[in-house]
Every structure is written in structure tokens, then in C-alpha cells.
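Structure first, then comments.
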Amino acid sequence: MGSFEVIAKHGEHEQVVFCNNKDVGLKAIIAIHNTALGPALGGTRMGNYKTEDEALIDVLRLSKGMSYKASAAGLNLGGGKAVIIGDPKTQKTEALFRAFGRFVNSLNGRYITAEDVGTTVREMEYVFMETPWVTGIPKTFGGSGDPSPYTAHGVLMGIKASVKEKFGADSLKGIRVAVQGLGNVGYHLVEYLAKEQAVVTVTDIDQERVKKACAQFGFKAVSTDEIVSVDCDVFSPCALGAVINDQSIRQIKAKVVCGGANNQLAEARHGDMLNEMGILYAPDYVTNAGGLMNVFVELEGYSPDRALDKTVEVYNNLMNVFAIAKRDRVGTHTAADRMAEERIAVIGKLKQTHQGFSSRPFSTLREVKNR
Ligand code: NAD
């Protein structure tokens with residue numbers, strides 16, 4: 382299949398850039414899915430792709446996902462992503478990431494990058510040496526630092542919206558929540574849930590984290606196999622993708638699924654199945670958009686308070702998804718896609734897609750860069 386056919390099959394992207402620098406061993410692909418709402422933002426993954434087609438399909442899929450996520454979050458951002466083909470354990474060099482940064486810079490703000498799987502803040506510092514179009518850099522450079530507390534706060538808002546929708550409750554007091562995963566997002570989430578006086582059950586493969594959470598908040602713990610079937614009101618996946626699958630779906634006792642993990646549905650049909658079972662699913666990319674909101678605030682000139690305020694919008698975004706699901710009689714996963722597509726279509730018509738975003742008020746990075 383030719384490259385344009387692959388692009389047509391995976392989302393009709395605006396632009397796909399192949400970055401090649403033999404001297405430093407760089408082979409990367411930047412995919413810009415859609416810039417109707419604003420510059421395309423999405424992280425750079427580094428991985429051992431078996432074939433170039435595998436890398437291309439991955440970057441096309443991920444960048445399209447970012448368009449939907451930004452749109453559903455109400456942000457003026459488009460969707461983009463980059464992949465670097467190589468082993469993150471052995472092939473990371475300053476020269477490689479600076480060469481990559483020069484390619485990002487050549488797009489003049491049409492694409493803004495960030496760290497992702499296989500890359501860290503350290504490499505983004507190298508990218509930042511060559512371009513201001515990078516986010517998630519350290520606080521000392523005007524960046525926003527770790528996004529996970531903001532992601533977790535957004536998930537808390539998602540749980541509040543879902544509990545309101547499903548049970549008509551305005552408070553989480555006494556609501557039973559089973560949290561899968563106590564990592565960066567999960568641990569911050571359970572701290573918030575403890576403050577809300579929710580009744581929390583936790584699990585993690587890392588027993589130290591489980592012990593710490595139970596000792597700190599008096600939570601109950603179960604094994605990793607049991608968490609899906611805990612008798613509770615809300616199941617909150619905050620660890621892995623594809624947790625809602627053919628095996629797990631029949632075990633769910635919760636009436637709400639709402640968590641921070643990416644790609645919770647193994648397949649779209651599992652969203653339909655949840656809908657048929659009367660379980661309210663808060664679509665993952667709408668629920669976990671707090672981290673992206675935090676990065677967006679970084680682009681405008683970072684303020685932690687404004688970032689936290691922004692994550693409150695997850696509540697209304699999900700309420701809109703639930704309303705569309707009822708309006709169109711579809712599952713919430715389908716409704717979320719419709720909401721994202723509608724906003725891209727309507728707002729995109731107002732703002733003509735254009736080739737450069739250099740006039741946008743993304744002040745902080747530029748000021749720091751020009752010092
Ligand atoms: P993390 O690696 O810090 O935490 C994941 C936790 O899950 C770890 O504590 C790990 O031990 C645990 N875990 C792994 N396998 C498990 C299993 N089978 N059962 C129970 N626990 C298990 O990652 P994170 O940053 O907290 O992200 C969690 C999820 O949220 C991921 O899917 C990530 O893509 C998604 N996400 C994170 C952010 C963010 O801001 N960090 C933003 C959006 C989405």
C-alpha cells in the first residue's frame with residue numbers, strides 16, 4: 382500500500398513529515414492530523430518499531446486520537462504526534478534529539494511536541510535547545526512539570542459528573558470506588574477521593590504503594606485479579622489499557638466506569654456492551670484530559686492555579702457527552718467522538734486552517750527561549 386493510501390485509511394491527515402538525518406541516526410515521523418482548532422500538539426514516542434509501516438500507522442493513529450482529545454477538552458489545539466524509530470535504552474543521544482528538534486522547529490509551530498512513551502523531560506530539554514515548540518519541559522524553563530496531579534483532578538471531576546448522571550448524587554461521600562493502579566495518576570486520585578470521603582478499594586502490582594495508601598487513608602486493598610469484580614459504585618481504571626475486554630466485562634459490578642487510563646476499551650464494541658449492560662462509561666480521553674489542559678496553560682504562560690481550574694471543565698465535557706449519548710441513543714464512547722467531530726467541524730469552519738501559528742500568544746516559552 383502506498384503512503385497516501387495508508388494516510389487515507391488512518392484519518393486523512395493534513396501533513397506527514399519524514400525526518401531523516403544519517404549522521405545522527407535519526408529516523409522519525411511527525412504526523413499532523415488536523416489543525417482546524419489550533420496547532421497540532423502531541424508527544425514524541427521512541428520505540429523499536431519492527432517496520433517503517435508499523436511506525437507510520439502508530440503515529441497516524443495516535444495523532445488522530447490527539448485531535449479528538451483536544452477537541453473534546455474544548456481546547457484550541459489540533460492533533461499531532463511524532464515517533465522516533467530506535468531503541469530508547471541504547472539509541473538516545475543529544476545529537477539525535479537536537480536534530481529532531483530542528484525538524485520540529487522547521488514546522489514553525491504547526492506541531493508542538495512533548496515527552497511520551499520512551500522519551501523523558503531530559504530529551505525534551507535537548508529538543509528545546511533547537512525549538513520553542515515543545516511543552517512539558519521543567520518548571521525552571523517556564524514549563525508545567527509533572528501533569529499527573531492535573532490528570533487526576535480531571536478524573537475526580539469525571540467521577541463526580543458520572544456519579545451525578547448515574548445516581549443523581551452531588552457528593553462522593555460514601556460512594557464506593559475501586560481504583561486499579563496507584564501510580565502517578567492513581568495515587569493523586571485516591572488522595573482526592575479520601576478528601577471527598579469516598580469509600581475506596583485499591584490495588585496495584587506494587588505492594589509498597591498499596592501498603593502506603595492503606596496506611597495513609599485506611600483504604601481496603603484487594604488483589605489485582607479481584608479489582609474488576611469489587612462490589613462498588615465506580616470502577617476506576619488508572620493503570621493499563623484494554624481493561625474492559627471479553628473476559629473482564631461480565632465481572633464488573635460497578636454501575637460507572639471512570640478512570641485515567643488510556644484506551645480502556647479493548648475494542649469499541651465493549652463500549653456498546655457496557656451501554657447495553659446499563660453501565661455508564663466515562664470515555665477515557667475526555668476523562669483524562671487534565672494533563673493536556675495543564676500543557677495548554679503552559680503554552681499561554683503557566684499558572685498552576687489556572688491549570689487546576691481548567692481541569693474542572695472535565696465535569697461539563699462529560700455531561701455534554703452523556704447528553705449526546707441520550708440524544709443520539711448511542712454509547713458514550715460514540716457520543717464522545719461525535720462531540721469532538723462536531724466541534725472540529727463547527728469551529729474549524731470559523732477559523733480557516735492555515736499554515737503557521739507564529740502569532741499565537743504562546744509567550745512563556747518564547748520569552749525564556751529568547752533570554
Ligand atoms: P504509572 O506508571 O505512574 O502508574 C501505573 C500504575 O499501575 C503503577 O503503579 C503500576 O504498578 C500499576 N499497575 C501496572 N499493572 C497493573 C495491574 N495489572 N494491576 C494493577 N496495577 C497495575 O502511570 P500513570 O502516569 O499513573 O498513568 C496511568 C494511566 O493513565 C496510563 O494508562 C496512562 O497512559 C494514563 N494517563 C496518564 C496521564 C498522566 O498525566 N500521567 C495522562 C493521561 C493518561
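Just so it is clear: in the sequence shown, position 331 is 712 by my numbering, and no numbers are missing.
Even glycine gets a Cβ: it sits at the ideal position worked out from N, Cα and C.
Since the model is a prediction, treat every value here as computed from it, not as a measurement.
*Determine the extent of the beta strand (DSSP E) in which G652 is found, giving its start and end residues.*
Translated into the one-based positions of the sequence shown, residue 652 becomes position 271. Element bounds for G652: not the beta strand (DSSP E) but the alpha helix (DSSP H), A649 to E657.
_R491 Cβ short of 7 angstroms to the ligand NAD heavy atom set_ = By one-based count along the sequence shown, residue 491 stands at place 110. Proximity of the beta carbon of R491 to the ligand NAD is not indicated: no heavy atom of the ligand is located closer than 7 angstroms.
*Would you list, in sequence order, the uninterrupted alpha helix (DSSP H) runs of no fewer than 4 residues that lie entirely inside the segment 559–646?*
565–576 and 588–598
*asked:* Going by DSSP, what residue range makes up the beta strand (DSSP E) through I518?
replied: As a working mapping, residue 518 is identified with position 137 in the sequence shown. Where I518 is concerned, there is no enclosing beta strand (DSSP E), given that its DSSP letter is neither H nor E.
_Three-state secondary structure assigned by DSSP to G762_ = Only positions 382 to 752 of the chain appear in the structure, and residue 762 is not among them; the question remains open.
*Give me the Cα-Cα distance between E546 and S552, rounded to the nearest whole angstrom.*
By one-based count along the sequence shown, residue 546 stands at place 165. By one-based count along the sequence shown, residue 552 stands at place 171. The alpha-carbon atoms of E546 and S552 are separated by roughly 12 angstroms.
*Quick one: is A542 buried, meaning 16 or more other Cβ sit within 10 Å of its Cβ, or exposed?*
For the purposes of this step, residue 542 is taken as residue 161 along the sequence shown, with counting starting at 1. So A542 counts as buried.
*Out of T715, H569 and I413, which has the shortest C-alpha to C-alpha gap to D665?*
Mapped onto the sequence shown, residue 665 falls at position 284. Taking only the C-alpha atoms, the option nearest D665 is T715.
*If you draw a straight line from the C-alpha of G406 to the C-alpha of L456, how long is it?*
As a working note, residue 406 is residue 25 in the sequence shown. As a working note, residue 456 is residue 75 in the sequence shown. Distance between the alpha carbons of G406 and L456: 35 angstroms.
*Assign N486 to one of three DSSP states: helix, strand, or coil.*
Stepping through the sequence shown from its first residue, residue 486 is reached at position 105. Helix at N486.
*Kindly identify the DSSP beta-bridge partner or partners of V696.*
Locating residue 696 in the sequence shown gives position 315, counting from the first residue. The sequence shown places Tyr at residue 696, not Val. Paired residue(s): none; Y696 is not in a bridge.
_Same chain, Cβ closer than 7 angstroms to V508, five either side skipped, listed in chain order_ = In the sequence shown, residue 508 corresponds to position 127, counting from 1. If we look at V508 and ignore the five residues flanking it on each side, its Cβ neighbours are F478, F481, G482, V485, T494 and V515.
*DSSP three-state call for K403: helix, strand or coil?*
Along the sequence shown, one-based indexing puts residue 403 at 22. In this structure, K403 counts as coil in the three-state DSSP scheme.
_Beta carbon of A436 nearer than 8 angstroms to that of I410_ = One-based indexing of the sequence shown puts residue 436 at position 55. One-based indexing of the sequence shown puts residue 410 at position 29. With contacts defined as CB atoms closer than 8 angstroms, A436 and I410 qualify as a contacting pair.
*For G659, does the count of other Cβ atoms within 10 angstroms reach 16, so buried, or fall short, so exposed?*
The residue you call residue 659 lines up with position 278 of the sequence shown. It is exposed - the Cβ of G659 has fewer than 16 other Cβ atoms within 10 Å.
*With burial defined as no fewer than 16 other Cβ atoms inside 10 Å of the residue's Cβ, what is the status of K450: buried or exposed?*
Here residue 450 corresponds to residue number 69 of the sequence shown, with the count starting at 1. Buried.
*Leaving out five residues on either side along the sequence, give the residues of the same chain with a beta carbon under 6 angstroms from the beta carbon of V693.*
For the purposes of this step, residue 693 is taken as residue 312 along the sequence shown, with counting starting at 1. If we look at V693 and ignore the five residues flanking it on each side, its Cβ neighbours are M538.
_Suppose you measure from the CA of L570 to the CA of V544; what does that come to, to the nearest Å?_
For the purposes of this step, residue 570 is taken as residue 189 along the sequence shown, with counting starting at 1. For the purposes of this step, residue 544 is taken as residue 163 along the sequence shown, with counting starting at 1. Rounded to the nearest angstrom, the two C-alpha atoms are 16 angstroms apart.
*Give the DSSP-derived three-state secondary structure of A550 in the structure shown.*
What you label residue 550 is simply residue 169 of the sequence shown in a count that begins at 1. Coil at A550, not helix or strand.
*Under the three-state reduction of DSSP, which class applies to R557: helix, strand or coil?*
On the sequence shown, residue 557 is found 176 positions in, with the first residue counted as 1. In the three-state scheme derived from DSSP, where H, G and I count as helix and E and B as strand, R557 is classed as strand.
*How long is the line joining the alpha carbons of G517 and P528, rounded to whole angstroms?*
Position 136 of the sequence shown, counting from 1, holds the residue named residue 517. Position 147 of the sequence shown, counting from 1, holds the residue named residue 528. Using only the alpha carbons, I get a separation of about 8 angstroms.
_If you reduce the DSSP assignment to three classes, tell me which class I397 lands in._
Here residue 397 refers to the residue found at position 16 of the sequence shown. Position check: residue 397 holds Val in this sequence, whereas Ile was assumed. Here V397 sits in strand by DSSP.
_Assuming contact is defined by CB atoms lying nearer than 8 angstroms, are I416 and E395 in contact in what I supplied?_
One-based indexing of the sequence shown puts residue 416 at position 35. One-based indexing of the sequence shown puts residue 395 at position 14. Before going further, note that residue 416 is Thr rather than Ile in the sequence given. In contact: T416 and E395 (Cβ atoms closer than 8 angstroms).
*Measure the alpha-carbon distance for V591 versus L574 and round it to whole angstroms.*
Taking the sequence shown and counting its residues from 1, one reaches residue 591 at position 210. Taking the sequence shown and counting its residues from 1, one reaches residue 574 at position 193. In this model, V591 and L574 are separated by some 15 angstroms (Cα to Cα).
*asked:* Is S529 a contact residue of the ligand NAD, with contact defined as CB to any heavy atom under 7 angstroms?
replied: By 1-based counting over the sequence shown, the position of residue 529 is 148. Under cutoff, so the answer is yes.
*One or two residues paired with V464 in a DSSP bridge*: Sequence index remark: in the sequence shown, residue 464 carries index 83 (1-based). DSSP output for V464 lists I410 and R426 as bridge partner(s).
*Euclidean distance between Cα positions of L655 and N643*: As a first step, residue 655 is located in the sequence shown; it is residue number 274 there, counting from the start. As a first step, residue 643 is located in the sequence shown; it is residue number 262 there, counting from the start. Answer to the nearest angstrom: the Cα atoms are 17 angstroms apart.
*Any chance the CB of R442 is under 7 angstroms from a heavy atom of the ligand MG?*
Here the bound small molecules are the ligand NAD; the ligand MG is not part of this structure.
*Limits of the alpha helix (DSSP H) - the one that Y666 falls within*: Stepping through the sequence shown from its first residue, residue 666 is reached at position 285. Its alpha helix (DSSP H) spans residues D665 to T668.
*Kindly identify the DSSP beta-bridge partner or partners of T494.*
Numbered from its first residue, the sequence shown carries residue 494 at position 113. According to DSSP, T494 bridges with V515.
*Reduced DSSP category for Y683 - H, G, I as helix; E, B as strand; rest coil*: Taking the sequence shown and counting its residues from 1, one reaches residue 683 at position 302. Shown here, Y683 sits in coil according to DSSP, grouped into three states, outside any helix or strand.
*Just confirm the distance between the C-beta atoms of M467 and M427, as a whole number of angstroms; I'd bet it's less than 8 angstroms.*
As a working note, residue 467 is residue 86 in the sequence shown. As a working note, residue 427 is residue 46 in the sequence shown. The question names Met, but residue 467 in the sequence shown is Gly. Confirmed, about 6 angstroms.
*Indicate, with yes or no, if the ligand NAD has a heavy atom lying under 7 angstroms from the CB of R426.*
As a first step, residue 426 is located in the sequence shown; it is residue number 45 there, counting from the start. Incorrect: R426 has no Cβ contact closer than 7 angstroms to the ligand NAD.
*Within its chain, find whatever has a CB closer than 6 angstroms to the CB of V398; leave out the 5 residues flanking it on each side and keep chain order.*
Here residue 398 refers to the residue found at position 17 of the sequence shown. The answer, listed in chain order, is I411.
*Would you give the residue range spanned by the alpha helix (DSSP H) that H714 belongs to?*
Against the sequence shown, residue 714 aligns to sequence position 333. That run of the alpha helix (DSSP H) goes T713 to L731.
_Quick check: does the Cβ of V566 come within less than 7 angstroms of any heavy atom belonging to the ligand NAD?_
Position 185 of the sequence shown, counted from the first residue, corresponds to residue 566. It does: the Cβ of V566 is within 7 angstroms (strictly closer) of some heavy atom of the ligand NAD.
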